[in-house]
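Set out below in C-alpha cells:
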C-alpha cells in the first residue's frame, strides 16, 4: 500500500487544493484576540488588536485576556500607558496605582515567568513588564523596535495584529524619560 498524503485522506474524491488554502486553519493552534480602544486626552485614537500566544504561553496569555475582559472585577479598562519611550516601547497595565508601581495578576499579586521561547525580534510584540525574575503581574509593554536585550528577562506572549498605526501615535506622545506628553488611556478593552 502506498503512502497517502494528508490531502488525499481529507479530500479523496474532489481536488480540494483548488478550494482551500493549505494548511487548513483548523490545523493551526487557537490564538485568542484581545483589543484596546485608546484615547488621547479623552479623544478617540483608535483600536489596537493583539493576537495572544495561548499555545506557547497559556498562563500569561490567559492573564492578559482576562484582564482585558475585566471578568474578575478588575482589569485594563480605564487604565493608561504610564511609560512611553520612542524607539523602544509603550508600557501600561498598572490599573491599581496608575504610575507603574502597581497592578496585579489574575493569579494573585505576581506569577512566575512561563518561558522565554519567543524573542523580542520585531516591533509590535506584547511582553510582560516585571521587576525581575518571576514578578509578572498585570503590566505589559508593546515593542516599537526589536529589543534583543530583553530576551530571557521578559515573557513575550502576543503581538499587534491590527492598529499598529495607533501604537505609533502613542509612541509619538512619549519622551526619553518615559513621561507621556498627553494622557493616553485604555478607554475600553476586551476580546474579539
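In this note's numbering, the protein residues as written are -9 to 182.
In this text, a Cβ means the ideal position worked out from N, Cα and C, and glycines have one as well.
Owing to the predicted nature of the structure, the values given are computational and were not obtained by experimental measurement.
Counting C-beta atoms within 10 angstroms of its own C-beta, residue 91 has fewer than 16 neighbours from the protein chains shown and is therefore classed as exposed. In the displayed model, residue 87 falls within coil according to three-state DSSP, outside both helix and strand. DSSP assignment within the region 104 to 180 yields the following whole beta strand (DSSP E) runs of 3 residues or more, N-terminal first: 115 to 118, 130 to 133 and 146 to 152. For residue 56, the enclosing alpha helix (DSSP H) covers residues 48 to 59.
Its chain contains 30, 74, 170, 171, 172 and 174 as the residues whose beta carbon lies nearer than 7 Å to that of residue 163, once the 5 sequence neighbours on both sides are disregarded; these appear in chain order.
Spanning the alpha carbons of residue 85 and residue 94 requires a straight line of approximately 8 Å. Taking all protein chains in view, the Cβ of residue 142 is surrounded by fewer than 16 other Cβ atoms within 10 Å, so the residue is classified as exposed.
Fewer than three Cβ pairs drawn from the region 58 to 65 and the region 112 to 127 lie within less than 8 Å of each other, which leaves the two stretches out of contact.
In the structure shown, the three-state DSSP call for residue 182 is coil.
Collapsing the DSSP output to three states places residue 45 in coil. Between residue 178 and the set 21, 20, 105 and 33, the nearest pair of CA atoms involves 33. The Cβ atoms of residue 176 and residue 36 do not sit closer than 7 Å to each other. The three-state secondary structure of residue 23, taken from DSSP, is strand.
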